[in-house]
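Numbering (the numbering used here), first residue to last: 9 to 838. Cβ atoms here follow ideal geometry from the backbone N, Cα and C, with glycine treated the same way. Remarks on the structure that follows.
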């Protein structure tokens, strides 16, 4: 007869399936199978009798070894290890015998809830492979009374059958460039995680869990390969459709624009793949392979599992901070790469393999290393260069986990004033943590032009030569070399003449930059005498100072989102006023356009609790969200009205669709200004990013002081192409004739009321777009700080009359490709 064990509810509260827990480790059953609940009582009771085999030093988790051998892990809250014990008072010690219903931990629910992402408490059976679960509680449970889980000796259970419900099958043609490498696999994972169904991808006789990035990459699926998809569970139909849709959605792989073939061998040179163009002279800094010595045996399976979970939580927090910081800087390539790392970190296959190693007695670090390196060997042996290049990402995850487990293995590398980083393969986290001003170039033995480090190097403007083979590792620390990534060569022993020639070329480029910088503070006036204001897009006062240093005439867009993201509550009025005032103070008398909060769509602020939407780009975002949260909008408006002098402030409103919204906002600003007894009023502008705003520009300009075109959103709404969809990235072009016609309508409508129009989106930074915008009558261009000198120099070489004449002809073309082709003929230097 099978022996069963009933576990009683440890807290009072509603039971929650693990699949709904907002933590991939528990939701993916990586720590074991079980059940969760939302605690309403404050004392954790023992769900069964047994021995406390492990108690976290921070008091947020413990493991009971039940009399039948079940290892019952109870984890209170999500990411509560970071609270360092605050809010938890253990009432028992490790090794102590306890009885069912005995108090184990006192929890300050209010204190923990304020600081943790969730209070949901997980009760998981770490050795769940030994048990069936004939009963799982549903609904409200009572601490110490309600049967929460029933365990029985486990028979053979089909993995597919665990989800229950019907099985559905289908096929998909994989359209991602390069096949299922890291980022496409991460997208499949995200789609799969939205459903309870078990989802398997099948290819060439192999299967992969759709929730595992590593397993998906290990299939070796190339672009245009056909894969089978199987889903089983109550929501199998929807899960199957969603995963197939992601598999069949095209995305770019981030390849280098240059040819990826290695340069031809030249005597005395190191040849490789030009991953990021440029020329540099510097000293080699060796960043040798990370191979920290690790303890072989652990302190027990439960202690090592807990240590690995804590390390994973710490690394997840670091990566998330990297994503948030990259988004604040607008570094989308960097944020995408970190997002792929987040998916690898939470990969169920990697963690399951590490868990098996821990169960075999290995330390958490050695188990994690063996798990990761086994997958590295699989990817390296698939014969797919793009997948082989993901090995560096896996090793980067290994590096970060081991540092979280055991501390830093050594001191930071010695950097020279001009350092050329040399490594077998460079980890993205290594590159982003080094001071940009001291990194002159990169040379690696492995890697490729589509590797994540290569993508970052291009984004950061760092010359990079990759896939150089063993020759790269012959470079000595401190050795001087010339890196000509344009030619795909590095000269490890340059003579005086070669150094002089390289310095001359570098100086020519620098001289051009200095020349543009020297005149950057002067007005940008066309050859026929039309002045164009060149402003900067910024996120904070530091950016404003950088813009002034590069010659900016004003701030064309301050994104206030930087104050609202990566925090648990909204900034106060005083906090906002101080930040806005700091920007004005940094501008040395220049004007600033400050946009009201633009959230929703692809920009999420957790504490606003915006409702989930099937199409968030068309939902509650921009000023619509402001009207939905009037107290938050009023707080921001009062903070803006408190800056001095108001004459230098221009308030910009996002996502205005018609004149009624503008009048409503202007009336509210007037009411607040009267309440604050203000004598001055700031200018009020409309961000033209909805097609209706462009078409109604004449109506809007009657009530607005200026219009500013947000070309990024206006492009996506005009072309009906999501700008966050990598599949459509190559087709989302702001020089599409349809968009140019809308800009022409907006400028003409503004002119009827004597109002000016600027452009603050990415289009203003596109050299090919600048003469077209001038021709359409745009009076202001707002770009990133470092582009100000270049854009001003470009404007000074143009004739506004010629631009106007040619722009009218461009409106008659049929595609963005035709427009760009004609621009190259007319303005080859653009």
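{"Query": "What are the boundary residues of the alpha helix (DSSP H) that residue 85 is part of?", "Result": "That residue, residue 85, is in no alpha helix (DSSP H); its beta strand (DSSP E) goes 79-86."}
{"Query": "Once the 5 residues before and after residue 109 are set aside, which same chain residues still bring their CB inside 8 Å of it?", "Result": "16, 53, 54, 152"}
{"Query": "Suppose you measure from the CA of residue 444 to the CA of residue 292; what does that come to, to the nearest Å?", "Result": "15 Å"}
{"Query": "Confirm, please, whether the CB-CB distance from residue 753 to residue 698 is below 9 Å.", "Result": "no"}
{"Query": "In chain order, what are the residue ranges of uninterrupted beta strand (DSSP E) at least 3 long that sit wholly in the stretch 189-247?", "Result": "206-211, 214-217, 234-240"}
{"Query": "Between residue 805 and residue 811, what straight-line distance do the alpha-carbon atoms span, to the nearest angstrom?", "Result": "11 Å"}
{"Query": "Just to confirm, are residue 112 and residue 121 a CB contact at a threshold of 9 Å?", "Result": "no"}
{"Query": "In this structure, does DSSP put residue 24 in helix, strand or coil?", "Result": "strand"}
{"Query": "Go to residue 516, then tell me how far its alpha helix (DSSP H) extends in each direction, as first and last residue.", "Result": "504-526"}
{"Query": "Take residue 592 as the anchor and find which of 751, 563, 228 has the nearest alpha-carbon.", "Result": "563"}
{"Query": "Among 710, 249, 134, 25, which has the Cα closest to the Cα of residue 62?", "Result": "134"}
{"Query": "Is it true that the CB of residue 84 sits closer than 9 Å to the CB of residue 47?", "Result": "yes"}
{"Query": "Within 10 Å of its beta-carbon, does residue 571 have 16 or more other beta-carbons around it, so buried, or fewer, so exposed?", "Result": "buried"}
{"Query": "Would you list the residues sitting across from residue 551 in a DSSP beta bridge?", "Result": "BP columns for residue 551 are empty, so no partner."}
{"Query": "Assuming residue 379 and residue 365 form a contact by the criterion Cβ under 8 Å, report the distance between their Cβ atoms to the nearest whole angstrom.", "Result": "6 Å"}
{"Query": "Express the C-alpha separation of residue 146 and residue 169 in angstroms, rounding to a whole number.", "Result": "Any reading at residue 169 is ruled out, since the residue's pLDDT is 37, under 50, leaving its predicted position unreliable."}
{"Query": "With distances taken between CB atoms, is the gap from residue 318 to residue 412 smaller than 9 Å?", "Result": "yes"}
{"Query": "Just reading off the alpha helix (DSSP H) that residue 774 is part of, what are its end residues?", "Result": "No alpha helix (DSSP H) holds residue 774; DSSP gives it neither H nor E."}
{"Query": "Any idea what DSSP makes of residue 545, helix, strand or coil?", "Result": "strand"}
{"Query": "Among the candidates 747, 789, 216, whose CA atom is the shortest distance from the CA of residue 765?", "Result": "789"}
{"Query": "Which partner residues does residue 499 have in the DSSP bridge list?", "Result": "490"}
{"Query": "Might you give, ordered along the chain, the residues of its own chain that have their beta carbon closer than 8 Å to the beta carbon of residue 744, omitting 5 neighbours on each side?", "Result": "723, 726, 727, 823, 824, 827"}
{"Query": "Between 702, 253, 742, 192, which has its C-alpha nearest residue 224's C-alpha?", "Result": "192"}
{"Query": "Tell me which same chain residues have a C-beta within less than 6 Å of the C-beta of residue 227, skipping the five on either side of it?", "Result": "211, 214, 216"}
{"Query": "Among 143, 90, 487, 23, whose alpha-carbon lies nearest the alpha-carbon of residue 13?", "Result": "143"}
{"Query": "Given a threshold of 16 other Cβ atoms within 10 Å of its Cβ, counted over all protein chains shown, does residue 499 qualify as buried or as exposed?", "Result": "buried"}
{"Query": "Roughly how many whole angstroms lie between the Cα atoms of residue 774 and residue 96?", "Result": "55 Å"}
{"Query": "Only counting the same chain, and skipping five residues up and downstream in sequence, which positions put a Cβ closer than 7 Å to that of residue 31?", "Result": "86"}
{"Query": "So the candidates are 245, 114, 557; which of them puts its Cα closest to the Cα of residue 177?", "Result": "245"}
{"Query": "Any idea which residues DSSP pairs residue 764 with across the strands?", "Result": "714"}
{"Query": "Between which two residues does the alpha helix (DSSP H) holding residue 723 run?", "Result": "719-727"}
{"Query": "Going by DSSP in three states, residue 642 sits in which element: helix, strand or coil?", "Result": "helix"}
{"Query": "Give the range of the beta strand (DSSP E) segment to which residue 113 is assigned.", "Result": "111-115"}
{"Query": "Could you tell me whether the Cβ atoms of residue 598 and residue 567 are closer together than 9 Å?", "Result": "no"}
{"Query": "DSSP on residue 740, reduced to helix/strand/coil?", "Result": "coil"}
{"Query": "Find the nearest neighbour of residue 836 within the set 696, 776, 797, judged by alpha-carbon distance.", "Result": "776"}
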